[in-house]
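> In UniProt numbering, the protein residues as written are 1 to 548. The beta carbon of each residue, even a glycine, is placed where N, CA and C say it ideally should be. Since we're looking at a predicted model, the values are computed, not measured. The following block contains the structure, expressed as structure tokens.
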């Protein structure tokens with residue numbers, strides 16, 4: 001069975017590759033059917049360009065892309081057939097590696113050193129299992145969960161040797177197709193007939209899916225009391241905590257899991273999302289950077305997440321009262337924006353990269369009151385004509401509309417972002433993205449609400465002839481809802497009468513210039529209103545220039 005198969009050996013040790021190649025040769029496999037590489041990126045290229053049946057991959061590669069990420073890439077891009085074999089080999093049997101392998105669930109793994117007999121025997125065993133169950137595995141890969149569960153019933157009777165393996169697939173399919181009540185009954189029964197942890201973890205997931213969060217939490221806590229380093233139980237416990245709105249507690253659980261195994265890049269992303277939810281944006285930026293450093297060169301890379309590094313730093317600058325820290329955060333954000341190169345293998349990727357970079361520039365410009373630059377970028381974005389699939393890029397576009405005080409575009413874009421939440425293959429990551437979306441929505445809505453209230457106050461004070469009070473409220477409102485053309489007209493009118501004493505001259509000139517631009521370029525003002533705005537701008541500018 002193993003002789004005619006095509007093999008790929010991936011290991012950062014040439015000696016290890018030579019030993020495995022020799023073992024395969026002794027088993028009758030010719031070198032013609034064996035490719036090998038010591039380079040992680042080349043391994044991914046080979047997998048994309050050729051059809052392999054069996055991949056033997058070292059876990060600890062001397063590259064930021066380790067064996068775990070290579071396996072993840074294989075699953076993401078379906079670089080192996082459904083009956084193909086991916087086996088991890090490692091000389092590291094520490095808790096960190098073992099827990100990551102539990103999360104990854106490759107077809108099998110071997111601890112170095114191993115004998116030729118054990119090596120070939122394990123390959124044959126996995127290959128036989130996957131070949132026998134090929135139609136079932138193909139249905140799972142195609143996300144045809146109804147067919148998969150039907151096949152599970154048939155194969156369970158026909159192949160008793162693989163009963164445990166088939167049962168795990170059956171339970172997973174019930175969860176993935178959101179048949180949570182069936183999953184609950186299935187796992188409850190499986191717990192009675194097995195001492196393994198997987199039925200108990202599945203039972204907890206089914207309870208969580210049914211909204212029985214306290215019961216689900218108790219199941220995971222019970223498992224962790226006996227096995228404190230069990231990664232899946234802790235991950236799903238954190239999911240329960242998120243679902244019940246206890247984000248700080250969920251974050252604490254992810255940190256505990258991260259201490260046991262720091263290799264999983266998705267965990268970096270989840271932690272960064274939760275820090276952003278809690279408005280700890282500087283820590284979020286660090287998390288997004290860690291994620292990007294790990295996944296560069298893989299399909300997990302996200303232009304939107306890269307942009308989130310800068311956006312998070314900018315958001316952190318809003319919440320600090322320390323002027324030096326404010327300047328430092330903005331400078332770091334600016335540096336990251338300009339370091340972001342426009343790249344990608346396809347036109348679509350290059351477009352998403354360009355938009356991600358432009359949105360960062362636009363948000364920075366908006367926060368500085370440079371509305372012309374911001375609006376120029378906003379006008380280039382049309383998600384209806386050129387959709388973007390990257391959740392984080394779309395969320396940042398929504399943020400940009402929110403910062404600009406453009407509620408209609410903001411709401412439409414948030415709807416698109418909501419639709420992109422469910423596209424991830426990890427349910428707990430999806431939860432963190434939903435929480436991030438909700439937090440962003442609350443933050444922007446609060447900003448729009450406060451800006452709108454300040455606009456109303458400014459107009460009320462203007463009516464009661466309190467020009468100075470109106471001026472202060474109007475300028476504060478401008479930084480929250482700058483695309484409010486009536487507000488911009490009011491600022492020009494008030495500044496033509498009195499100069500704000502609470503701002504530097506250069507800042508005043510920037511605001512009134514932007515206000516005049518908005519009045520002239522917005523489609524709502526009438527021709528006479530635009531002419532009046534130009535007159536007021538000239539008067540305001542003369543008054544400010546006299547101060548100089």
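Thinking C-beta only, is residue 478 closer than 9 Å to residue 375?
No, these two residues do not count as a Cβ contact at 9 Å.
> Flag this pair as yes or no: are the beta carbons of residue 204 and residue 243 separated by less than 9 Å?
No, they are not a contact pair.
> Under a Cβ-count criterion, where at least 16 other Cβ atoms within 10 Å of its own Cβ denotes burial, should residue 353 be classed as buried or exposed?
Buried is the call here.
> Beta-carbon within less than 8 Å of residue 525's beta-carbon, same chain only, minus the 5 sequence neighbours each way: which residues are those?
Answer for residue 525: 485, 489, 519, 533, listed in chain order.
> Specify, as a first and last residue, the run of the beta strand (DSSP E) that residue 87 falls within.
Here the beta strand (DSSP E) through residue 87 covers 85-90.
> Starting from the C-beta of residue 227, find all residues in its chain whose C-beta is less than 8 Å away, skip the five residues before and the five after it, and write them out in chain order.
Taken in chain order, the residues that qualify are 197, 233.
> Would DSSP call residue 3 helix, strand or coil?
Of the three classes helix, strand and coil, the one that applies to residue 3 here is coil, per DSSP.
> Which residue's Cα is closest to the Cα of residue 85: 62, 66, 47?
Checked all of 62, 66, 47; the closest Cα to residue 85 is 47.
> How many Å lie between residue 506 and residue 72 at the Cα?
Their backbone Cα atoms lie some 52 Å apart in a straight line.
> Which residues in the same chain have their Cβ closer than 6 Å to the Cβ of residue 209, if we skip the five residues on either side of it in sequence?
Excluding residues within five positions, the ones whose Cβ falls inside 6 Å are 180.
> Are the beta-carbon atoms of residue 187 and residue 202 separated by less than 9 Å?
Yes. Within cutoff.
> Applying the criterion that 16 or more other CB atoms from any shown protein chain within 10 Å of the CB defines a buried residue, is residue 319 buried or exposed?
Exposed is the call here.
> What does DSSP give as the partner residues of residue 109 in its beta bridges?
DSSP lists 88 as partners of residue 109.
> Rounding to the nearest angstrom, what Cα-Cα distance links residue 110 and residue 123 in this structure?
The alpha-carbon atoms of residue 110 and residue 123 are separated by roughly 10 Å.
> Cα separation between residue 400 and residue 409?
One C-alpha to the other measures close to 10 Å.
> Going by Cα to Cα distance, which pick from 529, 468, 514, 487 is closest to residue 499?
The shortest C-alpha separation from residue 499 is found at 468.
> Use the C-beta contact count for residue 31: other C-beta atoms within 10 angstroms, 16 or more gives buried, fewer gives exposed.
Residue 31 should be labelled exposed.
> Taking the CB atoms as reference points, tell me whether residue 358 and residue 330 lie closer together than 9 Å.
Contact: no.
> DSSP three-state label for residue 425, please.
Coil.
> Taking the alpha carbon of residue 291 as the reference point, which residue from 129, 493, 403, 270 has its own alpha carbon closest?
Nearest of 129, 493, 403, 270 to residue 291, Cα basis: 270.
> Using the Cβ count rule (16 or more neighbours within 10 Å means buried), how would you classify residue 161?
Exposed, by the Cβ-count rule.
> Helix, strand or coil: how does DSSP classify residue 57 here?
Correct three-state label for residue 57: strand.
> Leaving out five residues on either side along the sequence, give the residues of the same chain with a beta carbon under 8 Å from the beta carbon of residue 441.
Correct list, in chain order: 414.
> Could you check which residue in 241, 497, 314, 284 has the C-alpha nearest to that of residue 431?
Selected option, being the one with the closest Cα: 241.
> Okay, do the stretch 75-84 and the stretch 110-119 touch, 3+ Cβ pairs below 8 Å being the bar?
Touching, no, given that fewer than three Cβ pairs across the two stretches are closer than 8 Å.
> For residue 17, which residues in the same chain have their Cβ closer than 6 Å to its Cβ, ignoring the five residues on either side in sequence?
Once the five neighbours on either side are set aside, the close Cβ partners of residue 17 are 9, 11, 36.
> Return helix, strand or coil for residue 36, following the three-state DSSP convention.
Residue 36: strand per DSSP, three-state reduction.
> Could you name the residues that DSSP lists as bridge partners for residue 8?
Beta-bridge pairing links residue 8 to 35, 55.
> Tell me, to the nearest whole angstrom, how far the beta carbon of residue 92 is from that of residue 60; I am working on the premise that it is less than 8 Å.
About 6 Å separates the two Cβ atoms, so the contact holds.
> What are the boundary residues of the alpha helix (DSSP H) that residue 323 is part of?
323-339 is the extent of the alpha helix (DSSP H) around residue 323.
> Does DSSP put residue 498 in a helix, in a strand, or in coil?
Of the three classes helix, strand and coil, the one that applies to residue 498 here is coil, per DSSP.
> Output the distance between the C-alpha atoms of residue 102 and residue 136, rounded to the nearest integer angstrom.
Their Cα atoms are separated by approximately 22 Å.
> Got a sec? Which residues, its chain only, sit under 7 Å from residue 70 by beta carbon, not counting five neighbours each side?
Answer for residue 70: 10, 40, 43, 44, 57, listed in chain order.
> Sort 389, 470, 298, 387 by Cα distance to residue 68 and report the nearest one.
Ranking the options by Cα distance to residue 68, first place goes to 298.
> Report the rounded CA-to-CA distance for residue 496 versus residue 509, giving the unit in angstroms.
When rounded, the distance between both Cα atoms is 12 Å.
> Within 10 Å of its beta-carbon, does residue 475 have 16 or more other beta-carbons around it, so buried, or fewer, so exposed?
So residue 475 ends up on the buried side.
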